[in-house]
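S.K.: For the sequence shown, the working numbering assigns the number 4 to the initial residue and increments by one for each residue that follows. No residue lacks a Cβ here, since even glycine has one placed at the ideal position from N, Cα and C. Have a look at this one.
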Amino acid sequence: MILVTGGAGFIGSNFVLDWLATCDEPVVNLDLLTYAGNLANLASLKGDARHLFVHGDIADAKLLKRLLEQNRPRAVIHFAAESHVDRSIHGPEAFVQTNVVGTQRLLEAVKQYWQALDGVAASAFRFLHVSTDEVYGSLDKNAPAFTETHPYEPNSPYSASKAASDHLVRAYHHTYGLPTLTTNCSNNYGPYHFPEKLIPLCIHNALKGKPLPIYGDGQQIRDWLYVSDHCSAIRRVLEAGTTGQTYNVGGWNEKANLDVVRTLCATLDELQPRADGQAYSRQITFVSDRPGHDRRYAIDAGKLERELGWRPAETFETGIRKTVRWYLDHADWVENVTSGTYRTWIDQQYGK
Ligand code: NAD
Ligand code: TYD
Numbered sequence: 004m005i006l007v008t009g010g011a012g013f014i015g016s017n018f019v020l021d022w023l024a025t026c027d028e029p030v031v032n033l034d035l036l037t038y039a040g041n042l043a044n045l046a047s048l049k050g051d052a053r054h055l056f057v058h059g060d061i062a063d064a065k066l067l068k069r070l071l072e073q074n075r076p077r078a079v080i081h082f083a084a085e086s087h088v089d090r091s092i093h094g095p096e097a098f099v100q101t102n103v104v105g106t107q108r109l110l111e112a113v114k115q116y117w118q119a120l121d122g123v124a125a126s127a128f129r130f131l132h133v134s135t136d137e138v139y140g141s142l143d144k145n146a147p148a149f150t151e152t153h154p155y156e157p158n159s160p161y162s163a164s165k166a167a168s169d170h171l172v173r174a175y176h177h178t179y180g181l182p183t184l185t186t187n188c189s190n191n192y193g194p195y196h197f198p199e200k201l202i203p204l205c206i207h208n209a210l211k212g213k214p215l216p217i218y219g220d221g222q223q224i225r226d227w228l229y230v231s232d233h234c235s236a237i238r239r240v241l242e243a244g245t246t247g248q249t250y251n252v253g254g255w256n257e258k259a260n261l262d263v264v265r266t267l268c269a270t271l272d273e274l275q276p277r278a279d280g281q282a283y284s285r286q287i288t289f290v291s292d293r294p295g296h297d298r299r300y301a302i303d304a305g306k307l308e309r310e311l312g313w314r315p316a317e318t319f320e321t322g323i324r325k326t327v328r329w330y331l332d333h334a335d336w337v338e339n340v341t342s343g344t345y346r347t348w349i350d351q352q353y354g355k
């Protein structure tokens, strides 16, 4: 079996669902269920003996030891993290606690478990660390996309904490020989994306008749990847990646934020027109910029394609359409997650 951390969050839950749709290998899913973790994402697995959910913290060394010894996974896929840049600006400490301290505790528990495995199991074992392109910092307009050898220049407390976790993974490989793999992926979007991030927030606000908040001039560029493509990349790296290596994952889809939101609006105009017949783009509103806002991210996913033959299946257009359709069909999911704590965050970030 495999052990997944953070499998009740956005990408982790998509990964668990896709994993069990493509194979029968059981999954132990360790998640603290912070505001971002939601068991409703995994509702379709209710009663499925292949999925064991464990409520707990990756920083809990005792729990980790017990989980590893009882379940004896052949791999750990580490998604659990605090993941929202704006929250990291308001409260960096939780990011250090989970992303840095939590990752180190997990690495230490996994190292001890791995060192006690017999030779064959030990050499087949993998620790796959899921990270972000944000560790590389911000790119100038015409600079080439990030490759795996780009220097680390994290600019937000979130990206700094992820960079630290990447370095710890590297150190556990270099010092102890732990068979690690690291993936650095660009911005994801798709089903079960918590509506604090740009794409789900704008779909949600559009349908509620609320402003679509664009930070600054809206010309910041992100490189978008549909979440199931990220999941297939992780499966491929797990299966065939070389230990100690890093693989960049991206969709070759650089877009300015304003263009992303305009595309969302046009898709909604078509799939669920406003009652008054006006365009959703009328709701676009420019708001204060994010402090330290990175201007551009772009991923060169060439190594993953050349060495492991991975390519994304979705284009931005097909992925956005699927995503908008999913949110229209799952209004109940959105209502559930936009409860009390979510509303406090929205008031704090955007004003009442
Ligand atoms: P998310 O915030 O939606 O989910 C994080 C999950 O981790 C939640 O279920 C939460 O309950 C759980 N968690 C948080 N702290 C925990 C702890 N101490 N112990 C156990 N579980 C804990 O995040 P996401 O968007 O799904 O991102 C998953 C991973 O992918 C993160 O490591 C993130 O850095 C990385 N990543 C995300 C993106 C993106 O666009 N969302 C892109 C590249 C990489
Ligand atoms: P986000 O979804 O928070 O992802 P990240 O910061 O990890 O890239 O933001 C994507 C881009 O959208 C980023 O440039 C910030 C911008 N943004 C807005 O313009 N308005 C918003 O309300 C949010 C949440 C983000």
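Report buried or exposed for Ser47, applying the criterion of at least 16 other Cβ atoms within 10 angstroms of its Cβ.
M.R.: The residue labelled residue 47 in the question sits at position 44 within the sequence shown. Exposed, by the Cβ-count rule.
S.K.: Would you mind listing the alpha helix (DSSP H) stretches within the segment 139-220 that are 4+ residues and don't spill past its ends, in chain order?
M.R.: Listed in chain order, they are 160-179 and 201-211.
S.K.: Given that a residue counts as buried once 16 or more other Cβ atoms are within 10 Å of its Cβ, and exposed if not, what is Ala163?
M.R.: If you number the sequence shown from 1, residue 163 lands on position 160. Buried, because 16 or more other Cβ atoms sit within 10 Å of the Cβ of Ala163.
S.K.: Could you compute how far the alpha carbon of Asp136 sits from the alpha carbon of Arg328?
M.R.: Locating residue 136 in the sequence shown gives position 133, where the first residue counts as 1. Locating residue 328 in the sequence shown gives position 325, where the first residue counts as 1. Each residue's Cα considered, the two are about 27 Å apart.
S.K.: Can you tell me where the alpha helix (DSSP H) with Phe18 in it begins and where it stops?
M.R.: On the sequence shown, position 15 is the one that residue 18 refers to. Phe18 -> alpha helix (DSSP H) spans Phe13 to Thr25.
S.K.: First and last residue of the alpha helix (DSSP H) that includes Thr288?
M.R.: Sequence index remark: in the sequence shown, residue 288 carries index 285 (1-based). No alpha helix (DSSP H) contains Thr288, which is instead part of the beta strand (DSSP E) from Ile287 to Val290.
S.K.: CB of Tyr218 to nearest heavy atom of ligand 2: below 6 Å?
M.R.: To locate residue 218, count along the sequence shown from 1; it is residue 215. Indeed, a heavy atom of ligand 2 lies less than 6 Å from the Cβ.
S.K.: Could you spell out where the alpha helix (DSSP H) holding Glu338 opens and where it closes?
M.R.: For this step, residue 338 is matched to residue 335 along the sequence shown. Glu338 -> alpha helix (DSSP H) spans Ala334 to Val340.
S.K.: For Ile14, tell me which candidate among Asn41, Ile5 and Thr25 has the shortest Cα-Cα distance.
M.R.: As a first step, residue 14 must be located in the sequence shown, where it is residue number 11. Nearest of Asn41, Ile5 and Thr25 to Ile14, Cα basis: Asn41.
S.K.: Tell me the DSSP secondary structure of His92 in three-state form.
M.R.: As a position in the sequence shown, residue 92 is number 89, starting the count at 1. First, the residue type needs correcting, since residue 92 is Ile and not His in the sequence shown. Helix at Ile92.
S.K.: Please report the residue range of the alpha helix (DSSP H) in which Glu310 lies.
M.R.: As a first step, residue 310 must be located in the sequence shown, where it is residue number 307. First-last of the alpha helix (DSSP H) with Glu310: Gly305 to Leu311.
S.K.: Span of the beta strand (DSSP E) holding Leu131?
M.R.: On the sequence shown, position 128 is the one that residue 131 refers to. Looking at the DSSP string, the run of the beta strand (DSSP E) that includes Leu131 is Arg129 to Thr135.
S.K.: With DSSP run on the structure shown, which of helix, strand or coil describes Asn41?
M.R.: Translated into positions along the sequence shown, residue 41 becomes position 38. Coil.
S.K.: Use the C-beta contact count for Leu278: other C-beta atoms within 10 angstroms, 16 or more gives buried, fewer gives exposed.
M.R.: For the purposes of this step, residue 278 is taken as the residue at position 275 of the sequence shown. The amino acid occupying residue 278 in the given sequence is Ala; Leu does not appear at that position. Exposed, since its Cβ has fewer than 16 Cβ neighbours within 10 Å.
S.K.: Pick helix, strand or coil for Arg77, following the three-state DSSP scheme.
M.R.: By 1-based counting over the sequence shown, the position of residue 77 is 74. Correct three-state label for Arg77: coil.
S.K.: Take Lys374 and list the residues in its own chain whose beta-carbon comes closer than 7 Å to its own, dropping the five residues that flank it on each side.
M.R.: Because the chain is modelled from 4 through 355, residue 374 falls outside the range shown and cannot be assessed.
S.K.: I'd like the span of the alpha helix (DSSP H) that includes Lys114, first residue to last.
M.R.: On the sequence shown, position 111 is the one that residue 114 refers to. Run containing Lys114: Thr106 to Gln118, per the alpha helix (DSSP H) assignment.
S.K.: Three-state secondary structure (DSSP) at Asp368?
M.R.: In the structure as shown, the chain starts at 4 and stops at 355, and residue 368 therefore has no counterpart that could be examined.
S.K.: Return yes when the C-beta of Ile61 is under 6 Å from any heavy atom of ligand 1, and no when it is not.
M.R.: Start at 1 with the first residue of the sequence shown, and residue 61 comes out as number 58. Yes, the beta carbon of Ile61 sits closer than 6 Å to at least one heavy atom of ligand 1.
S.K.: How many Å lie between Tyr218 and Asp297 at the Cα?
M.R.: The residue labelled residue 218 in the question sits at position 215 within the sequence shown. The residue labelled residue 297 in the question sits at position 294 within the sequence shown. For Tyr218 and Asp297, the distance between alpha carbons rounds to 11 Å.
S.K.: Given that a residue counts as buried once 16 or more other Cβ atoms are within 10 Å of its Cβ, and exposed if not, what is Ser291?
M.R.: Counted from its first residue, the sequence shown places residue 291 at position 288. Ser291 comes out exposed.
S.K.: Bridge partners for Leu228 per DSSP, in chain order?
M.R.: What you label residue 228 is simply residue 225 of the sequence shown in a count that begins at 1. Per DSSP, Asn191.
S.K.: Report the CB separation of Asp60 from Leu35 in whole angstroms; it is logged as a contact under 8 Å.
M.R.: As a position in the sequence shown, residue 60 is number 57, starting the count at 1. As a position in the sequence shown, residue 35 is number 32, starting the count at 1. Their Cβ separation, rounded to whole angstroms, is 5 Å, which keeps Asp60 and Leu35 in contact under 8 Å.
S.K.: Taking the continuous beta strand (DSSP E) assigned at Asn251, which residues delimit it?
M.R.: Residue numbering aside, residue 251 sits at position 248 when the sequence shown is read from its first letter. Note, Asn251: beta strand (DSSP E), Thr249 to Val252.
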